[in-house]
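**Q** Counting with mature numbering (1 follows the signal peptide of the UniProt record, and there is no 0), you get residues -22 to -1, 1 to 524 for the letters of the sequence shown.
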Amino acid sequence: MVRTRLLPVLVAVGLFTGQVTSLATSDSWRDVDLGQSSYVGGSHNLDPAVVDSPHFGLRWKVDFNKGETHYARPLIYTPPSTNKQIVFLASTENRLRVLDAETGEVLKKRKLAEPFPLAEAFCTQVSETLGIMGTPTIDPETDTAYFYAKSYIPYYRDVTKTGIINGVYYFYAVDVNTLEDIEGFPILIDGLHADNDPRRYFIGGTILQRPSLLQLGDIVYAGFGGLCDAFNATGTIIGIDVKQKKVTTHWVTQAGPDAPFSEDWTAWHGGGPGGVWQSGQGLATDGGSIFFVSDNGGGSMDETIDTTPRRGNASLSILSEVVARVNPTADGGLDVVDFFRPHNYQYDDEKDLGSGGFSLLHPYFNSTTVSRIGTVASKNNKIFIFDAYNLGGYRQGSNGTDAVLQTIPVGGEVFGSIGSYPLDGGYIYVAPLRNPLSAYKLSITEDGTPQFVFAGQSEVSTRQNRGTGIPTVTSFHDEPGTGIVWLTDPDAGLDAWYAVPGEDGVLKKINLPTVNGANRYSRPAFGDGKVYVVDGEGSLVCLGVL
């Protein structure tokens, strides 16, 4: 028997979003919440009764250079010195802009180092250039934006000017008020030997920094993976101490003598695979541990490799197609403390976990037996539901199956993650390719196991092509009945629905002004009564209360 879970509603803004008191409550200075639950709280003054009315419409639209792409999501921030909310924007051309969040006026702009030409990677379908792709993070204590920018050093490792191995990454720290560099930055990230496998060293040209950045204290963490599924796809996590202005962590997912390895860094998967891509979703954290997902790598597609069952807390040095929880160590390294791998990962047929990131749900989602719940949805057409502190290991379920809380089949591939809503009983949302947006409600079994039960879906499916974004949820002052699920789509643009399905099982659509497409694998950002999204033509669009 399954019963609906009833718990007191937690309404403190800090509990939902982790914001510090010095911030404007409507700011979005990083990519959603630290847990990547995709619930951004109720402080953005977005009442569904207003959003679904003629009083909500296009505020402004700003165009940029032809072909310029913004995969990094807009950040919304209010510097204390001006008390004026701004939009911080970074592009694949290594261009920074600060816009007035109210009017769209460009207040500051700056061009950084020349971006890396993606023709060298045979990947111009993504963008002509690859500069900044991972979403930055802003430190509200210092007004500093942190991000990685890809460039090149002519003839650095090759006789050609812009050859693939001449590409490099720089870690920047800039003042959001002036866009000037903070003293001691940028830092060239190149040639570093991995902490857990010194054979492997970092070559920025053959790898991609895609996930949103994560700041924990003085350390800013970033995930790296394959560049257009070629070259060195070794999953890598870099941590930089922004106070000491140095790299403290260079950790790889493929380590040890049994890991695939080649010194031909330009070969397909040279140096090893297992990248951390996550369709741009950031690394998740509970404030101590870091959660991430790696894509297929050593052993995947080979039924004779690594079929021995392992507990989640067992030692594992080759993290291929794995959900991992790692803890930072005192010396700057990372320790794997728990993991999960699908029991049939050798047969993934390119439907691996790596297209999805880990979502650590709000503490509201719990039971007497599970204190925190995590989820992963990816190209394998499933949602895995986890006890966040007992991920399940490998083949630990009955008859060698998966020891997870629940596996929910969905009708198509998922890129990024689920959305969630910790009100009205608790819901999660998934938008599989070529399928409706679906909602699942939290329930608890009699033995205390959390389960999600299908509750409803949208009347219209996502489009035929990959690129649907991550369902992202707002509410109005964290009040029950005010949730809105927002979703970007390369063809449809920006859509929204009331978060709770009707009695007929239908998610009711909210009528929004038309947005002409959207970036692949994106999500909107939210300010004070406003929604910001990069459309399919590369323009920044602001919708809001009129």
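Glycine included, every Cβ here is placed at the ideal spot set by N, Cα and C.
Take the Cβ of glycine 277 as the centre, count every other Cβ of all protein chains shown within 10 Å, and call the residue buried at 16 or more, exposed below.
**A** Your numbering for residue 277 matches position 299 in the sequence shown. Bear in mind that the predicted position of glycine 277 carries a pLDDT of just 49, short of 50, making it unreliable; the figure below should be weighed with that in mind. Classification of glycine 277: buried, given that the 10 Å Cβ count is 16 or more.
**Q** Candidates Phe94, Ile116 and Pro114: which alpha carbon is nearest glutamate 106's?
**A** As a first step, residue 106 is located in the sequence shown; it is residue number 128 there, counting from the start. Comparing Cα positions, the closest option is Phe94.
**Q** Which one or two residues does DSSP pair with asparagine 443 in a beta bridge?
**A** Numbered from 1 along the sequence shown, position 465 holds the residue referred to as residue 443. Asparagine 443 pairs with nothing; no bridge assigned.
**Q** Could you check the C-alpha separation between isoleucine 218 and aspartate 313 for me, to the nearest Å?
**A** On the sequence shown, position 240 is the one that residue 218 refers to. On the sequence shown, position 335 is the one that residue 313 refers to. Rounded to whole angstroms, isoleucine 218 to aspartate 313 spans 17 Å at the Cα level.
**Q** Do you know offhand how far valine 519's Cα is from asparagine 377's?
**A** Position 541 of the sequence shown, counted from the start, is the residue given in the question as residue 519. Position 399 of the sequence shown, counted from the start, is the residue given in the question as residue 377. Distance between the alpha carbons of valine 519 and asparagine 377: 52 Å.
**Q** With DSSP collapsed to three states, give me the class of methionine 279.
**A** If you number the sequence shown from 1, residue 279 lands on position 301. Confidence in methionine 279 is poor, its pLDDT being 49 and thus under 50, which makes the residue's placement too unreliable to answer from.
**Q** Could you check which residue in His48, Ser267 and Asp207 has the C-alpha nearest to that of leucine 186?
**A** Against the sequence shown, residue 186 aligns to sequence position 208. Checked all of His48, Ser267 and Asp207; the closest Cα to leucine 186 is Asp207.
**Q** Buried or exposed: which applies to threonine -2, given that a residue is buried once 16 or more other Cβ atoms fall within 10 Å of its Cβ?
**A** Stepping through the sequence shown from its first residue, residue -2 is reached at position 21. The predicted model places threonine -2 with a pLDDT of 41, which falls under 50 and marks its position as unreliable, so this point remains unresolved.
**Q** Report buried or exposed for proline 491, applying the criterion of at least 16 other Cβ atoms within 10 angstroms of its Cβ.
**A** For the purposes of this step, residue 491 is taken as the residue at position 513 of the sequence shown. So proline 491 ends up on the exposed side.
**Q** Which partner residues does asparagine 368 have in the DSSP bridge list?
**A** In the sequence shown, the residue the question calls residue 368 occupies position 390. Asp365, per the DSSP bridge assignment.
**Q** Would the beta-carbon of residue 546 fall within 8 Å of that of alanine 50?
**A** The chain is shown from -22 up to 524; residue 546 falls before or after that span and cannot be answered.
**Q** On the criterion of 16 or more Cβ atoms from any shown chain inside 10 Å, does asparagine 61 qualify as buried, or is it exposed?
**A** Counting from one through the sequence shown, the residue named residue 61 turns up at place 83. Counting Cβ neighbours within 10 Å, asparagine 61 comes out exposed, since fewer than 16 surround it.
**Q** Would you kindly check if the distance between the Cβ of asparagine 274 and the Cβ of glutamate 299 is under 8 Å?
**A** Along the sequence shown, one-based indexing puts residue 299 at 321. Along the sequence shown, one-based indexing puts residue 274 at 296. For glutamate 299 and asparagine 274, yes; Cβs fall inside 8 Å.
**Q** Where valine 301 and tyrosine 372 are concerned, what is the direct C-alpha to C-alpha distance, given to the nearest angstrom?
**A** Mapped onto the sequence shown, residue 301 falls at position 323. Mapped onto the sequence shown, residue 372 falls at position 394. When rounded, the distance between both Cα atoms is 11 Å.
**Q** How many Å lie between isoleucine 54 and phenylalanine 34 at the Cα?
**A** Mapped onto the sequence shown, residue 54 falls at position 76. Mapped onto the sequence shown, residue 34 falls at position 56. For isoleucine 54 and phenylalanine 34, the distance between alpha carbons rounds to 19 Å.
**Q** What are the start and end residues of each continuous beta strand (DSSP E) run of 3 or more residues lying completely inside the region 323 to 411, in chain order?
**A** Whole beta strand (DSSP E) segments, 3+ residues: 336 to 338, 351 to 355, 360 to 365, 384 to 387, 397 to 399 and 405 to 408.
**Q** Could you compute how far the alpha carbon of glycine 397 sits from the alpha carbon of asparagine 359?
**A** Taking the first residue of the sequence shown as position 1, residue 397 is located at position 419. Taking the first residue of the sequence shown as position 1, residue 359 is located at position 381. Straight-line Cα distance between these residues: approximately 16 Å.
**Q** Check for me: the beta strand (DSSP E) holding valine 29 runs from which residue to which?
**A** Residue 29 sits at position 51 when you count from the first residue of the sequence shown. Run containing valine 29: none in the beta strand (DSSP E); it sits in the alpha helix (DSSP H), 26 to 29.
**Q** Can you grab the Cα-Cα spacing for the pair valine 315 / serine 272, in whole Å?
**A** Within the sequence shown, numbered from 1, the residue matching residue 315 stands at position 337. Within the sequence shown, numbered from 1, the residue matching residue 272 stands at position 294. Cα-Cα distance, rounded: 15 Å.
**Q** How long is the line joining the alpha carbons of valine -14 and glycine 352, rounded to whole angstroms?
**A** For the purposes of this step, residue -14 is identified with residue 9 of the sequence shown, where counting begins at 1. For the purposes of this step, residue 352 is identified with residue 374 of the sequence shown, where counting begins at 1. Legend: pLDDT at valine -14 = 36, less than 50; position of this residue unreliable, no value from coordinates given.
**Q** So within the region 32 to 84, which uninterrupted alpha helix (DSSP H) runs reach at least 4 residues, ignoring any that extend past its ends?
**A** Complete alpha helix (DSSP H) runs here, min 4: none at all.
**Q** Let me know the secondary structure DSSP gives serine 257 once reduced to three states.
**A** As a working mapping, residue 257 is identified with position 279 in the sequence shown. It is helical.
**Q** Please identify the residue among Pro320, Ala123 and Asn210 whose C-alpha is closest to the C-alpha of isoleucine 142.
**A** Position 164 of the sequence shown, counting from 1, holds the residue named residue 142. The option with the nearest alpha carbon to isoleucine 142 is Asn210.
**Q** When you compare the region 35 to 43 with the region 504 to 523, are there three or more beta-carbon pairs, one atom per stretch, that lie closer than 8 Å?
**A** Counting Cβ pairs under 8 Å, three or more are found: they touch.
**Q** On the criterion of 16 or more Cβ atoms from any shown chain inside 10 Å, does proline 387 qualify as buried, or is it exposed?
**A** Within the sequence shown, the letter at position 409 stands for residue 387. Flag for proline 387 reads exposed.
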